[in-house]
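Chains A and B are the protein sequences, given in the same order. Numbering-wise (this note's numbering), the first sequence opens with residue 25 and increments by one. Numbering-wise (this note's numbering), the second sequence opens with residue 12 and increments by one. No residue lacks a Cβ here, since even glycine has one placed at the ideal position from N, Cα and C. Being a predicted model, the structure only gives us computed values, none of them experimental. Only one structure is covered here, and it is reproduced in the block below.
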Amino acid sequence: MRLCLMRLLPFVATVAAAQAPDTVALRDVEVTAPHAVARRGADGAVRFDTRSTASVPRTLGEADPLRYLRTLPGISAVSDISSGVTIDGSDGAQNIYRLNGIPVHFPYHFGGVFGVFNPVMYPRVTLRKSMRAASSPDYLGGTVDVGSAAVRPERPTGRVTAGMLASTLTAMVPAGRVVAGVGARVSYLDLLYGGLLRRNSGEILYNFSDVDLSVDWRPGDRDAVVATFHINGDRLTYGDDDFAMSTRLRWRVLVAGIEWRATRSALSMTHRAYRSQYSSRLGIIMPQMGLTARASIGESGVEGRFDIPLPRDLRLDAGYSLRVWDYVPQWVDTYGIGLSPALPAEARVAVSAGADAALSRRAGRATLSAGARLTHYRGHGGFHATVADPQVTVSVDASPWQLSAQVASASQFVHQVGLSEIGLASNFRLAADSVAPPQRRWGLSMAASRSLGGIGELSVEWYGKLVRRQTEYTGAILDMVLDGYSPEDYIWTCRGYNTGVNMMASYTRPGPVSGSLSYSWCLARRRRNDAPGWFTASSEIAHSLKADACWRIGRGWEASTAFCLTSGRPYTPVTAVYLIGERVMMEYGRRNSARMPAYVRLDVGGAYRFTTGAGRLSHRIDLSVLNVLNRPNVEMYAYTVNMDKLIIRRREIRTLFRLLPSLSYEISF
Amino acid sequence: MKSVFKRVLMSMLVPAPAMLAVSCADEGPRPEPSLVVEGMIDSGGYPSVLLTMTALPDHNPVDVADIVVRHASVSVTDLSDGSAVMLSAGIDERYFPPYRYYTSELRGVAGHTYRICVRYSGREAVSECAMPAATPIDSVTQAPVAGTDTLRALTLHLTAPPDCPAYYHVSTRVDGSDPRYLPGVLGTAEAVVPGNAVTIPVMRAKTSTDRRDRALHMPVGRTVDIRLERVTREVYDFWRAFDNATLVGDSQFIGMHESLPGNVGGAYGVWSACGVDFRRVDVK
C-alpha cells in the first residue's frame, strides 16, 4: 500500500502533542505501510485520523469523522434522521463531543449525515466509550474529542472540496510562529437533491453552513497557544401534504476558546477558557397559524490539566474546572391563534467547580491508575450537590495481548430532554436541579486486544454499567403554552443498566486490501423511579454487524465499501387505531416494547487520485452511492385514512437515503 | 495466525442469521379489537353516539366499513331521575363513518348525570358523566389573517362562571363544508378565576378525512356555527390530549406516544355530557 507519511504521523504524535508543540510537518513522502485506521490504545481510547479513513465511502463527497464513528463497534445511530449516536448503550444525550477540548452541545447537521467538524482542520479524533480517562468530562456515556493536527504545516496548505451536496474550502497558512487556519462550508442540498428527498406526500428543504477559524501560535519552544472558533447554522423545513402541516427546525452552534499548552521540565500542562452556545427553534406551521418552540444553552468554562512525573515510576494526572451554564428551557410562542404572545422562559444559571487527580504507576508489564474527581454543583432553585467519582484502571502489556480493566463512576450535570426521542436538534438542555438531579453511573469495563503480527488486530470489549437518574420528558407541545408551565413538571427520572460486548477484527496486512469486521451486542434496560416495570431503553441497538473494506487498485484508483446490519430501534408500538372526530387516533402499548425492522445498508464508493504541477497539486475524484441495495429502512409508522378507497392504512415512513449517489472533486496543495 | 483470524471472523459472522431473525419487527401479539365510543348529550339536546371498533392495519389496510358497529345495544340513563332509553341506529351521511346511534326521547338537563351502556358481541362499555351548566358565549370576534384576504381568525370570548374551575371545548361547523360539528383545533380551555375573561381560538377541525380544504381559520363569506361545550375535567383532559395528538402527532420531529385518557370503561373514546351554548357567525 502506498501511503503518505503525513497520514501516519498523527498516530505517533497524538500523545506527544503537548510535549512537543514545535513539531513541524514533513513534506509528503510516499512509503509502504499497513493501512491503519482506528487504533485502540492501552488506555481504552480509540484514535484515528480522518485523513486515513479511506476504507469508508465518503458520504455525499465528505470524509466526516462522526460518520466514520458509526462504523466502529458499540456505536450506532437509532435512525437515519437521528442526530447523535448511542455508545455502548448510552443515550445520545449522555455523550459529549469536544472541539479542541471545547464542548459542542449539538455537533450534527441534519440526520447525522455530516458532523459540524471540519475534517481537514480537525483531523484528530479520540473516542472513549465505556472506559474513561481522568480528564473525561462529566458525561455518562462516550466522549468524542476532535482536535487540530498535531503536526503544523511549514508551508501554506489548502483543500477545496466541491460536492453535489456541499462545498468546503480549507486553508492553513504558516507565518513565522503562527499558523492560521480558515475553513468554510456551504450546502446546496435543495438544488440537486431536492427531487431525491421528495417523498410521495412531502418534501424536505435543508441547507446549512459552517465557518471555522483557528490560530496556532508558538511563542516559544515550550509553549503553544491555540485559539478555536466555530459557528454553524442549519435550516430545515419538512412539509407533508397529507397533514397540511410543515415543520421548521433551525439550530445554531457557536464555539470559541483559547488554550495554552506548556512544558516546564518534565511537567506538561494545558489551560483552556471557552464559550459554547447552542440554540434551536422548532416551528409547527399550519396555514396562517403556527407555533414556535425555542431553547438555548450557553456554557462558559475554565479548565486545566497537569501531567507530572513523580519518583518511583509514578505519574500524577490532575486537573481543575469551573463551568457556568446559562440556559433557557424550551418555551412556546404562537401566532395566528389569538393567544397572547408568550413571555420567554426565564433564563437560568448553574455552576460547577471540580478537581480531579489520578496517580498511575507502571510496575513491570502492568500499569495501575487510581484517582477521583470531586465536583461541587449549584443549580436552579438553590439546588446543590457535591459528588465524588472515583476510578481505578489496570492495564497489562502481555504481548501480543493488551489487557485493561476499569471500575469507574461518572456524573452528568446537563440533561437533554425534549419532544424528539431520536435526539433531534429540537431537544433542549436543562442543568440539574432538585427535580432532575445529576445523573450517575457506575461501570465496570474490560478490554483485550491482540496484534496479529502484521495481519491485523483483534479486540474484544465488555462493559456493564448501572445508570441512575436518567431523565425523560413527557410534556406535549400544548403543555408549554400553559400559564405557569415548568419543564420540571414533565420530567421523570429512571434507573437501569447497560451491558454489552464489542468485537472487532481489522485486516491491515500490507497489500491492496484492508478492512474490518465488527459485531456488537447490547442490552439496555430502564425503570422509572416512581413506577414499576422495566422497559427497553431507546438506545438499545441489540445486535450490530458492520464491515468495511478498501481496495487500492493501483494507479490512483481505489474502491471502498461499508456494510451495516443492525437490529431495528426500539419503539412504542401502536396497539389500536381508531377514529374520533373523524381523525385517526392511536392507542400505544408498553414503552419501547417493539422494534423497527432490521436496518440494512450497503454503501459503496470509488476514488481516483492524481497529481499535477510536479506533484504540488493533488486531486481526488470521489463517486459514492449510499444504500446501494435501495433498502427501504423504516423510520416510523403513521396511520391515515384513504377516503377514495375508504380504508385505514399504515404508512411506512422510510429512510431518505435510498440509492443516493454523489460525486465530488477535491483539490489540495 | 491466519487460522485464528479466520476463526474470529467466522465467530462474528455466525450470529448474523440469528441476528436477522431476532431483529425483525417484533410487535408482540395483536390485541383483540375493542369498542370505541364517541358519544355526547347536550344540555337541551339528545344523546348521539358513534360506535366503532379499533383496528390495527399492518401491510393490509382495514376497510372502514369493517369497523362500524351496527347491531349494538346502546342505552343512556339519566341517573338523576332514573329514566332510561335505548338508542336507535341508522345510516347518517353527515358522519364518518356514516352510522349513528341516537334518540329524541331523552333531553339533557344541566346538573344531571348520564350513564351510557353499550353491549356488543360479548363486550360491554360503560361510562357516567355529569353535565355542568352551560356558560354563555359573550362574543365572537373576527380578525384578518396575515397573508390572505379569504380567511378570518375567530376568537370566542366568555366570562368564567362563579363555580370555577370550569373546562371548555369548542366545536365548529362551517356551513357548506362540514356536515357536522367537529372538534376545533386548539379548542380546549380552562377557566380558573371566577369573573375572568377567557378567550378561545375558534378553528376548524383537522381531520384525517378531508384533504381538500386545509385552512384552519374560517373562510370569508361563509356561516360558521360555534358550539361552546362546558365539560367535566375528565372530558377536558380527553379533548386536550386529542388536541395535542392532532397538532403534532403527524410530525416526524416530535415523538408523541401518549394514549388518549378516555372516560369509558371497557372501550376507548369519550362520553361527554356538556352544557352548551351556540353562536352563528357570518364570516366577513
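Residue i: first and last residue of the uninterrupted alpha helix (DSSP H) it sits in
| i | result |
| --- | --- |
| Tyr521(A) | Looking at the DSSP string, Tyr521(A) is not in any alpha helix (DSSP H); the run it does join, the beta strand (DSSP E), is 515–531. |
| Arg244(B) | 244–259 |
| Pro89(A) | 89–93 |
| Ala121(B) | From DSSP, Ala121(B) is part of no alpha helix (DSSP H); its letter is neither H nor E. |
| Ile78(B) | 75–78 |
| Leu213(A) | 213–217 |
Buried/exposed call for residue i, threshold 16 Cβ in 10 Å
| i | result |
| --- | --- |
| Lys295(B) | exposed |
| Leu50(A) | Here the model assigns Leu50(A) a pLDDT of 42, short of 50, so the residue's position is not dependable, and the following value carries that caveat. When all chains shown are included, Leu50(A) counts as exposed. |
| Asp73(A) | buried |
| Trp581(A) | exposed |
| Ala177(B) | buried |
| Lys153(A) | buried |
| Ala284(B) | buried |
| Lys10(B) | Since the first residue of chain B shown is 12 and the last is 295, residue 10(B) is not available in this structure. |
| Arg318(A) | buried |
| Val196(B) | buried |
| Pro45(A) | Low local confidence applies: a pLDDT of 42 at Pro45(A) is under 50, so the model's placement there is unreliable, with the coordinate-based value given in what follows. Classification for Pro45(A): buried. |
| Ser688(A) | buried |
| Val275(B) | buried |
| Ser91(B) | exposed |
| His59(A) | Note that His59(A) has pLDDT 42, beneath the 50 cutoff, so the model's placement of it is unreliable and no number is given. |
| Ser433(A) | buried |
| Val356(A) | buried |
| Leu334(A) | exposed |
Check whether residue i and residue j have beta carbons under 8 angstroms apart
| i | j | result |
| --- | --- | --- |
| His404(A) | Arg372(A) | yes |
| Arg282(B) | Gly50(B) | Arg is not the amino acid found at residue 282(B); the sequence shown has Trp there. Yes. |
| Gln430(A) | Gly68(A) | yes |
| Ile237(B) | Val213(B) | yes |
| Pro161(A) | Pro131(A) | no |
| Thr495(A) | Val438(A) | no |
| Asn451(A) | Ser458(A) | no |
| Arg299(A) | Gly281(A) | yes |
| Leu278(A) | Gln301(A) | yes |
| Gly395(A) | Ala377(A) | no |
| Arg389(A) | Asp337(A) | no |
| Arg246(A) | Arg276(A) | no |
| Val47(B) | Val85(B) | no |
| Ala145(B) | Ala171(B) | no |
| Val608(A) | Val537(A) | no |
| Ile321(A) | Arg122(A) | no |
Strand pairing of residue i, partner residues [DSSP]
| i | result |
| --- | --- |
| Phe232(A) | Asp258(A) |
| Ala586(A) | Asp572(A), Asp627(A) |
| Gly200(A) | Its beta-bridge partners do not exist; DSSP assigns none. |
| Met470(A) | Ala429(A), Trp486(A) |
| Val204(B) | Answer is none; Val204(B) lacks a bridge partner. |
| Gly307(A) | Arg272(A), Thr316(A) |
| Ile111(A) | Ile99(A), Ser114(A) |
| Gly322(A) | Gln301(A), Asp350(A) |
| Thr636(A) | Leu641(A) |
Within-8 angstroms CB hit, residue i to chain C
| i | result |
| --- | --- |
| Val129(B) | Here chain C cannot be found, since the structure's protein chains are A and B. |
Residue range of the beta strand (DSSP E) that includes residue i
| i | result |
| --- | --- |
| Ile671(A) | 671–678 |
| Tyr110(B) | 110–113 |
| Asp350(A) | 338–359 |
| Leu167(B) | 159–170 |
| Ala666(A) | One detail in the question is off: residue 666(A) reads as Asn in this sequence, not Ala. Looking at the DSSP string, the run of the beta strand (DSSP E) that includes Asn666(A) is 658–666. |
| Glu611(A) | 607–612 |
| Phe289(B) | 278–293 |
Three or more C-beta pairs under 8 angstroms: does that hold for the region 241–255 of chain B against the region 629–636 of chain A?
no
The region 517–528 of chain A in contact with the region 341–357 of chain A per 3-pair CB rule at 8 angstroms:
no
If you pair each beta-carbon of the region 91–109 of chain B with each one of the region 148–168 of chain B, do three or more pairs fall below 8 angstroms?
no
With three or more beta-carbon pairs closer than 8 angstroms as the criterion, would you say the region 93–113 of chain A touches the region 165–183 of chain A?
yes
Validate contact between the region 567–583 of chain A and the region 238–245 of chain B using beta carbons, cut 8 angstroms, 3 pairs:
no
For the pair the region 179–193 of chain B and the region 126–144 of chain B, tell me if three or more CB-CB distances fall below 8 angstroms.
no
Kindly confirm or deny that the region 667–674 of chain A and the region 64–78 of chain B touch, where touching means at least three C-beta pairs closer than 8 angstroms.
yes
Can you find at least 3 beta carbon pairs, one from the region 98–105 of chain A and one from the region 655–666 of chain A, that sit closer than 8 angstroms?
yes
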